[in-house]
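Trainee:
Chains as they are written, first to last, in our numbering: chain A, 22 to 171; chain B, 22 to 171; chain C, 22 to 171; chain D, 22 to 171.
#1: CB-CB under 8 Å to residue 22 of chain A, same chain, minus the five flanking residues each way: which ones, in chain order?
#2: Return no unless some Cβ of chain D is closer than 7 Å to the Cβ of residue 110 of chain A.
#3: Could you give the uninterrupted runs of the alpha helix (DSSP H) lying entirely in the segment 47–80 of chain A, keeping only those of 4 residues or more?
#4: Does the segment 65–73 of chain A come into contact with the segment 97–106 of chain A, if we say contact requires no fewer than three beta-carbon pairs (one atom in each stretch) closer than 8 Å?
#5: Would you say residue 113 of chain C lies against chain B (beta-carbon separation less than 7 Å)?
#6: Looking at chain C, is there any beta carbon in it that lies within less than 7 Å of the beta carbon of residue 160 of chain A?
#7: Measuring straight from C-alpha to C-alpha, what distance separates residue 119 of chain B and residue 145 of chain B?
#8: Taking 7 Å as the CB-CB cut-off, is residue 37 of chain B touching chain A?
#9: Taking the C-alpha atoms as reference points, what is the distance between residue 100 of chain C and residue 162 of chain C?
#10: Residues of chain G with CB closer than 9 Å to the CB of residue 42 of chain B, please, in chain order.
#11: Relative to the alpha-carbon of residue 140 of chain A, which residue among D:155, D:126, D:124 has its alpha-carbon at the smallest distance?
#12: For the putative contact between residue 84 of chain A and residue 74 of chain B, defined by C-beta atoms under 8 Å, what is the C-beta separation to the nearest angstrom?
#13: From A:150, A:49, A:97, A:52, pick the residue whose C-alpha is nearest to that of residue 35 of chain A; which is it?
#14: Between residue 151 of chain A and chain D, is any beta-carbon pair separated by less than 7 Å?
#15: Under a three-way DSSP split, which group does residue 28 of chain C fall into?
#16: First and last residue of the beta strand (DSSP E) that includes residue 162 of chain C?
#17: Checking the sheet assignment: what are the DSSP bridge partners for residue 116 of chain B?
#18: So the beta strand (DSSP E) residue 132 of chain A belongs to, where does it begin and stop?
#19: Let me check one thing: in DSSP terms, what residues is residue 105 of chain C bridge-paired to?
#20: Could you give the first and the last residue of the continuous beta strand (DSSP E) run that contains residue 136 of chain A?
#21: Which residue from A:58, A:37, A:43 puts its Cα closest to that of residue 28 of chain A?
#22: Taking only beta-carbon positions, decide if residue 131 of chain C is within less than 7 Å of chain B.
#23: Taking only beta-carbon atoms, is residue 34 of chain D less than 7 Å away from chain C?
#24: Determine the contact status of residue 60 of chain B and residue 94 of chain B, defining contact as a CB-CB distance below 7 Å.
#25: Which residues in chain A have a C-beta closer than 8 Å to the C-beta of residue 88 of chain B? List them in chain order.
#26: Taking 7 Å as the limit between beta carbons, can you name the residues of its chain near residue 138 of chain D, skipping five residues before and five after?
#27: For residue 44 of chain D and residue 82 of chain D, I'd like the C-alpha separation in whole angstroms.
#28: State the Cα-Cα distance for the pair residue 157 of chain B and residue 121 of chain C, rounded to the nearest angstrom.
#29: So with Cβ pairs under 7 Å, would you call residue 53 of chain C a contact of chain D?
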């Protein structure tokens with residue numbers, strides 16, 4: 022499936038600036054590891070501040086980094102003056118989020134004029150091993166300034 | 022649809038104790054507002070610590086309180102010695118999470134021996150108004166101690 | 022949640038004509054039972070032609086009537102010159118689709134300028150009893166003639 | 022991610038026999054193209070009997086062959102005396118199902134004792150071109166004879 026290249030040559034600056042404005046990313050200690058056309062990766066370290074009742078990372082945080090990685094993946098392909106809106110997402114949890122470090126990966130499957138469909142994964146790193154913790158399928162929407170002005 | 026009553030008379034104590042062990046709920050400032058057979062409600066106040074790039078509450082946190090409310094709703098109907106596992110969830114975002122206060126509501130649609138299906142809502146309270154911010158559909162799984170021992 | 026009334030007074034004619042053009046509805050023997058602003062109902066009788074391996078109605082057909090009922094529910098609120106596009110759907114199966122007659126119900130939860138979010142249910146009627154067989158959450162998109170012409 | 026091999030050496034016979042009992046597959050003209058451990062493929066030819074209002078294949082049928090391919094993919098890895106139950110699925114529609122021939126592909130992402138998570142794709146073949154029409158994420162459940170007897 023042909024993926025359009027980024028229409029905005031400054032996409033990485035635009036995305037890093039958006040990520041830096043997300044208060045939640047600071048609170049949970051997440052970093053934007055990588056951003057390239059149609060893909061982004063978010064890294065998270067384990068801390069007690071983000072746990073569920075058994076001491077593993079909370080499903081809500083697993084979902085957060087998958088969804089955010091998908092959103093920024095889609096946003097790499099959107100016009101410079103656009104904003105991105107999360108329409109919906111669906112996540113399956115495959116294993117407990119047990120590890121020292123986690124990486125959420127978002128990839129664009131299809132990028133249209135209005136909607137983009139992305140797939141997400143979250144991997145847990147524990148010692149030398151990595152485990153696929155969750156898979157996501159999500160829809161993102163481009164909102165252009167003209168549309169906002171209407 | 023017939024909903025089975027709670028099998029564990031101590032369900033509220035069990036659930037409040039589980040909620041209190043979730044580090045993430047403290048970090049985001051969420052409280053377990055209400056728990057009754059087949060339903061739970063989680064309350065969250067606005068803070069900059071949980072925002073996305075436009076200063077609204079992050080979609081990941083909206084999803085977290087919907088999923089957690091659904092999980093505890095399902096857990097009210099599970100046996101005393103069971104644990105709960107989130108299988109998957111699906112969320113549609115209807116409006117920006119703009120408000121002073123948010124309530125996630127989880128309700129059991131069907132509770133089976135192994136799986137429970139729940140529906141979730143997140144409401145934003147802003148001044149005197151309330152807005153439906155997101156709707157969720159999710160599957161939860163009962164894990165009993167015998168199963169864990171196998 | 023405020024639901025906009027139908028913008029097109031001829032919505033029922035438009036929808037019945039669209040339904041009549043769906044070859045699949047004839048093939049499976051489905052009828053458009055009811056259509057009102059923000060809601061539609063599709064009825065289906067049991068036949069061997071639509072079964073899975075145990076002789077119940079196939080999950081794919083349960084999903085089809087839920088999705089179609091949601092689509093026409095959303096379409097009641099769309100402009101006269103618009104077309105409707107299914108963006109995505111999510112379905113949970115609650116019980117085997119065992120019965121003489123089935124009704125898929127679609128209701129609009131939120132109808133925006135571009136996207137509508139709907140919830141669907143499928144009920145099985147067996148003797149005097151009815152059972153909730155599946156619940157759906159879905160996104161529909163309005164495509165206007167101007168957009169198609171761009 | 023390690024995928025367990027099939028536990029039942031007769032898995033293909035078991036699956037082809039199950040497929041042959043699905044009345045719906047005959048009605049829509051679908052064939053089981055391929056089945057191997059953790060994967061299955063279902064083929065469908067275009068006909069007016071399976072169309073929506075614009076003459077393309079109905080979204081419900083696209084969803085049906087994706088879900089069915091996922092179900093049989095999961096069933097390849099289940100014990101000989103088990104039955105399979107569809108728990109839920111989620112599908113994103115990427116392009117109109119326009120073509121002469123369609124192939125639904127299901128692959129197991131994770132196969133556990135009780136639940137399996139699969140991903141599905143539907144491809145349209147039109148002249149010499151192929152287009153990705155839809156992507157699915159779904160949960161399947163193993164039901165063993167002992168469990169049914171309880």
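Quick reminder that beta carbons are idealized off the backbone N, C-alpha and C, glycines included.
Mentor: Working from what's here:
#1: Unreliable positioning characterises residue 22 of chain A in this predicted model, as indicated by a pLDDT of 46, which lies under 50. The coordinate reading is nonetheless provided below. 130, 131, listed in sequence order.
#2: So, not an interface residue.
#3: Counting only runs of 4 or more, we get nothing.
#4: Note that the segment 65–73 of chain A does not touch the segment 97–106 of chain A; fewer than 3 beta-carbon pairs, one per stretch, sit closer than 8 Å.
#5: Yes, its Cβ sits closer than 7 Å to a Cβ of chain B.
#6: With its beta carbon less than 7 Å from one in chain C, residue 160 of chain A belongs to the interface.
#7: Straight across, the Cα-Cα distance linking residue 119 of chain B with residue 145 of chain B is about 7 Å.
#8: Proximity of residue 37 of chain B to chain A, defined by a Cβ-Cβ separation below 7 Å, is not satisfied.
#9: Annotation: residue 100 of chain C to residue 162 of chain C spans about 12 Å, alpha carbon to alpha carbon.
#10: Within the model displayed, chain G is absent; protein chains A, B, C and D are what it includes.
#11: Of the listed residues, the one whose Cα sits closest to residue 140 of chain A is D:155.
#12: Contact check for residue 84 of chain A and residue 74 of chain B: beta-carbon distance about 18 Å, past the 8 Å limit, so the pair fails to qualify.
#13: Between residue 35 of chain A and the set A:150, A:49, A:97, A:52, the nearest pair of CA atoms involves A:97.
#14: So no, residue 151 of chain A is outside the interface.
#15: Of the three classes helix, strand and coil, the one that applies to residue 28 of chain C here is coil, per DSSP.
#16: Start and end: 150–164.
#17: According to DSSP, residue 116 of chain B bridges with nothing at all.
#18: Segment 122–132, the beta strand (DSSP E) holding residue 132 of chain A.
#19: Beta-bridge analysis with DSSP links residue 105 of chain C to C:163.
#20: From DSSP, the beta strand (DSSP E) with residue 136 of chain A extends over 136–147.
#21: Nearest option by C-alpha distance: A:58.
#22: Judged by the 7 Å Cβ criterion, residue 131 of chain C is in contact with chain B.
#23: Closer than 7 Å: no.
#24: Here residue 60 of chain B is near residue 94 of chain B, since their CB atoms are less than 7 Å apart.
#25: 80, 81, 84, listed in chain order.
#26: Counting only Cβ-Cβ distances below 7 Å, and skipping sequence neighbours, we find 130, 131, 160.
#27: Going by the C-alpha atoms only, they are around 14 Å apart.
#28: The straight-line gap from Cα to Cα measures roughly 30 Å.
#29: Chain D contact via Cβ: absent.
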